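Chains as they are written, first to last, in this note's numbering: chain A, 1 to 365; chain B, 366 to 730. All C-beta atoms, glycine included, are put in the ideal place defined by N, C-alpha and C. Owing to the predicted nature of the structure, the values given are computational and were not obtained by experimental measurement. To start, the structure itself, in structure tokens.
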């Protein structure tokens with residue numbers, strides 16, 4: 001790999017930059033997945049994740065040995081059986097992906113769609129829950145393809161009242177904005193390590209609450225994925241330490257170090273830092289002629305969907321990367337070629353990082 | 366993690382020790398999964414894996430973003446549909462796991478079983494293939510639970526003659542003994558990074574040959590796993606670089622460095638090194654009163670199933686780890702409490718490593 005590529009400022013939709021302490025942890029010598037020293041580290045990681053998800057001791061919380069998309073699949077395949085119904089909020093690419101996975105489970109996806117770049121009105125989702133009486137309601141908290149922050153709590157409460165299980169995608173939101181697993185009545189949630197947690201990509205933290213665990217026990221058929229079967233995986237993370245697959249040791253070292261940084265900073269302070277960096281970015285971009293795609297009250301702090309003031313957005317992105325070493329994301333799906341996605345995640349949610357981007361843009365425009 | 370745990374000698378069934386160069390690569394700054402510098406590194410990794418699998422340019426070869434068990438699931442879910450039949454060779458835990466996954470695909474697993482610690486007679490598998498006319502034949506090359514080296518080529522040829530697709534588990538064998546994807550008529554194979562490749566756990570190299578890719582295109586239903594759908598994953602690894610999920614960047618840096626070490630040494634030299642270390646180990650262990658579980662001609666070089674000359678094998682393993690920092694594996698499944706599994710994989714397949722283990726055992730017995 002060319003050495004100049006090691007100095008990237010990663011302001012796309014993830015991965016974000018990883019702190020030197022986390023990289024150093026990643027490179028510690030590998031040890032065995034049944035070594036008492038490793039198991040004790042793993043206990044610590046589970047406890048830290050529980051605090052970040054704000055979930056109770058009765059939840060099964062663990063890092064899945066795959067990326068965030070596998071976390072999405074794990075939540076859906078463990079809770080759904082053929083013939084079940086899931087109400088899915090679709091505000092962008094990741095809601096679409098949920099529908100595709102629901103259907104691969106042999107279940108029926110009932111879509112509630114938002115206009116592109118807008119939130120889903122909770123009342124519409126509530127009405128659909130009451131009409132469909134689904135097994136599962138699935139929602140993306142921070143839709144990375146559009147930059148919209150979806151209100152969750154009202155929908156999750158409606159799901160619980162209807163006896164449905166609430167699945168929440170927190171891939172982009174976790175540790176960058178408030179996520180309250182217990183208080184909001186979430187039953188299953190998943191995230192990724194490469195966004196606000198500021199760890200390399202490769203693991204998917206998941207949380208399964210008591211109602212989701214009860215659903216696991218009462219299934220009629222085995223989970224269609226052996227690798228993502230949380231009943232089997234949970235036995236390794238439980239007292240018995242039953243071998244399921246070899247845990248990705250070094251990635252878990254890195255997650256341990258990344259979670260320490262998150263908890264040392266404090267969740268509220270971290271959320272505030274993400275909000276402040278976001279506001280500073282919006283002000284600077286608007287001064288340069290960029291338009292924000294999302295209305296102020298519906299914006300994510302860590303993922304900014306913006307319309308660049310140029311005809312050829314791809315050329316400008318290439319120059320930003322080639323001449324300034326700064327990566328920003330292009331649009332995904334229907335928004336390809338139209339918007340940029342600027343991530344301020346984890347270590348990068350800082351005024352000086354925003355200033356570096358604004359300075360580079362000023363010199364290129 | 367206690368610092369003394371960082372000095373483990375990993376002589377279990379994997380992970381094996383990782384060279385400092387590979388750990389250093391792992392800790393390089395994370396960059397984006399669509400960054401041209403990363404995509405070029407990924408091309409190199411795919412080329413190197415092709416050489417290690419000895420597969421042609423018409424195969425799709427890539428590192429899956431999950432561990433070896435996900436590679437097993439990927440091969441089976443991509444090739445099987447409900448109602449299909451798979452003939453599965455069962456010589457231990459990993460053959461059993463294949464049957465479980467076949468059944469979770471809604472397919473029928475026809476088992477051909479070997480006596481524990483023995484190979485499957487190719488003629489018996491051939492007869493079952495001719496009787497069942499399956500869609501898939503699945504076999505474990507190096508059964509890590511028993512230490513048996515399964516002859517592959519005759520069975521793979523029988524599968525091809527019968528129009529079946531041959532799936533081979535090379536988790537423990539790849540780069541430690543001969544694996545010939547094309548010459549042996551393998552259609553799909555998978556491995557893990559944490560065995561003879563001497564990379565941390567977390568990725569599963571897979572190879573899909575042209576007949577397996579044709580099967581993917583002619584499926585009637587979508588693959589039940591979205592995350593492991595090789596049609597979707599292949600689009601990211603192809604010319605188009607279509608986003609599927611965020612690749613585990615740092616783990617791929619490490620795999621790149623580990624594969625360079627493999628190819629710099631040369632496959633034949635590496636196989637010979639594994640054989641020599643194995644013979645040295647057997648001689649030393651027999652002198653200490655250990656019994657080998659497997660007949661000489663059926664033994665794996667990198668995974669030695671041995672019966673320790675003590676009543677309480679677990680106590681001896683604990684002392685080996687606690688007093689000497691050496692990890693060996695216990696038995697799995699039916700062999701728990703009865704055998705040890707001593708791995709000499711990758712960096713550890715060396716006479717001086719064997720001598721360190723023998724010295725420690727001598728002092729404890």
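Within chain A, the residues that residue i reaches when beta carbons sit closer than 7 Å
{"i": "residue 592 of chain B", "result": "66, 69, 70 and 73"}
{"i": "residue 692 of chain B", "result": "32 and 35"}
{"i": "residue 389 of chain B", "result": "27"}
{"i": "residue 743 of chain B", "result": "There is simply no residue 743 of chain B to check, as chain B begins at 366 and stops at 730 in what is shown."}
{"i": "residue 377 of chain B", "result": "32"}
With 16 other Cβ atoms within 10 Å as the buried cut-off, status of residue i
{"i": "residue 55 of chain A", "result": "buried"}
{"i": "residue 700 of chain B", "result": "buried"}
{"i": "residue 224 of chain A", "result": "buried"}
{"i": "residue 163 of chain A", "result": "exposed"}
{"i": "residue 283 of chain A", "result": "exposed"}
{"i": "residue 605 of chain B", "result": "exposed"}
{"i": "residue 405 of chain B", "result": "exposed"}
{"i": "residue 534 of chain B", "result": "buried"}
{"i": "residue 365 of chain A", "result": "exposed"}
{"i": "residue 633 of chain B", "result": "exposed"}
{"i": "residue 314 of chain A", "result": "exposed"}
{"i": "residue 666 of chain B", "result": "buried"}
{"i": "residue 438 of chain B", "result": "buried"}
7 Å Cβ cut-off: residues of chain B touching residue i
{"i": "residue 323 of chain A", "result": "Chain B residues near residue 323 of chain A: none, gap ~14 Å exceeds 7 Å."}
{"i": "residue 206 of chain A", "result": "Chain B residues near residue 206 of chain A: none, gap ~13 Å exceeds 7 Å."}
Rounded C-alpha distance that separates residue i from residue j
{"i": "residue 98 of chain A", "j": "residue 629 of chain B", "result": "44 Å"}
{"i": "residue 559 of chain B", "j": "residue 619 of chain B", "result": "11 Å"}
{"i": "residue 435 of chain B", "j": "residue 429 of chain B", "result": "8 Å"}
{"i": "residue 77 of chain A", "j": "residue 563 of chain B", "result": "33 Å"}
{"i": "residue 3 of chain A", "j": "residue 167 of chain A", "result": "Bear in mind that the predicted position of residue 3 of chain A carries a pLDDT of just 45, short of 50, making it too unreliable to give a figure here."}
{"i": "residue 465 of chain B", "j": "residue 440 of chain B", "result": "13 Å"}
{"i": "residue 79 of chain A", "j": "residue 234 of chain A", "result": "15 Å"}
{"i": "residue 172 of chain A", "j": "residue 593 of chain B", "result": "22 Å"}
{"i": "residue 713 of chain B", "j": "residue 459 of chain B", "result": "23 Å"}
{"i": "residue 246 of chain A", "j": "residue 616 of chain B", "result": "15 Å"}
{"i": "residue 316 of chain A", "j": "residue 337 of chain A", "result": "11 Å"}
{"i": "residue 662 of chain B", "j": "residue 709 of chain B", "result": "18 Å"}
{"i": "residue 177 of chain A", "j": "residue 32 of chain A", "result": "35 Å"}
{"i": "residue 585 of chain B", "j": "residue 450 of chain B", "result": "15 Å"}
{"i": "residue 103 of chain A", "j": "residue 591 of chain B", "result": "10 Å"}
{"i": "residue 402 of chain B", "j": "residue 201 of chain A", "result": "17 Å"}
{"i": "residue 353 of chain A", "j": "residue 272 of chain A", "result": "16 Å"}
{"i": "residue 130 of chain A", "j": "residue 124 of chain A", "result": "10 Å"}
Partners in chain A for residue i, counting only beta-carbon separations shorter than 9 Å
{"i": "residue 373 of chain B", "result": "29, 30, 31, 32, 35 and 37"}
Contacts of residue i in chain B (Cβ-Cβ under 9 Å)
{"i": "residue 141 of chain A", "result": "Result: empty, since nearest Cβ-Cβ is about 17 Å, beyond 9 Å."}
{"i": "residue 201 of chain A", "result": "395, 398, 430, 610, 611, 612, 613, 614, 615 and 616"}
{"i": "residue 104 of chain A", "result": "586, 587, 588, 589, 590, 591 and 594"}
{"i": "residue 17 of chain A", "result": "394 and 395"}
Same chain, Cβ closer than 6 Å to residue i, five either side skipped, listed in chain order
{"i": "residue 525 of chain B", "result": "550"}
{"i": "residue 386 of chain B", "result": "622"}
{"i": "residue 415 of chain B", "result": "426"}
{"i": "residue 1 of chain A", "result": "Note on residue 1 of chain A: pLDDT 44, under 50, position unreliable in the model; the coordinate value appears next. Answer for residue 1 of chain A: no residue qualifies."}
{"i": "residue 675 of chain B", "result": "681"}
{"i": "residue 114 of chain A", "result": "91 and 120"}
{"i": "residue 727 of chain B", "result": "none"}
{"i": "residue 574 of chain B", "result": "424 and 552"}
{"i": "residue 191 of chain A", "result": "170, 171, 174 and 205"}
{"i": "residue 107 of chain A", "result": "80, 84 and 86"}
Residues of its chain near residue i, where Cβ-Cβ distance is below 8 Å and the 5 sequence neighbours each way are ignored
{"i": "residue 530 of chain B", "result": "444, 500, 501, 502, 524, 552, 553, 576, 577 and 580"}
{"i": "residue 30 of chain A", "result": "249 and 250"}
Partners in chain B for residue i, counting only beta-carbon separations shorter than 8 Å
{"i": "residue 119 of chain A", "result": "Result: empty, since nearest Cβ-Cβ is about 24 Å, beyond 8 Å."}
Contact set between residue i and chain A, taken where Cβ atoms lie within less than 8 Å
{"i": "residue 557 of chain B", "result": "246"}
{"i": "residue 697 of chain B", "result": "243"}
Sequence-distant residues of the same chain with beta carbon closer than 7 Å to residue i, five excluded per side
{"i": "residue 357 of chain A", "result": "11 and 326"}
{"i": "residue 516 of chain B", "result": "484 and 487"}
{"i": "residue 360 of chain A", "result": "320, 324 and 326"}
List in chain order: all unbroken alpha helix (DSSP H) runs of 4+ residues lying wholly within the stretch 231-290 of chain A. For the stretch 231-290 of chain A, whole alpha helix (DSSP H) runs of length 4 or above, ordered along the chain, are 249-265 and 267-287.
What residue ranges within the stretch 499-569 of chain B form continuous alpha helix (DSSP H) runs of no fewer than 4 residues, ordered along the chain? Correct list: 518-526.
Report the start-end ranges of each alpha helix (DSSP H) in the stretch 279-347 of chain A that is 4 residues or longer and not cut off at the edges. Correct list: 313-324.
Where are the alpha helix (DSSP H) runs, 4 residues long or more, that stay fully inside the stretch 445-476 of chain B, in chain order? Counting whole runs of 4 or more residues, the stretch 445-476 of chain B contains the alpha helix (DSSP H) stretches 458-469.
Scan the stretch 376-413 of chain B and note each continuous alpha helix (DSSP H) run of 4 residues or more that stays entirely inside, going in chain order. Segments of the alpha helix (DSSP H) lying fully in the stretch 376-413 of chain B: 385-391.
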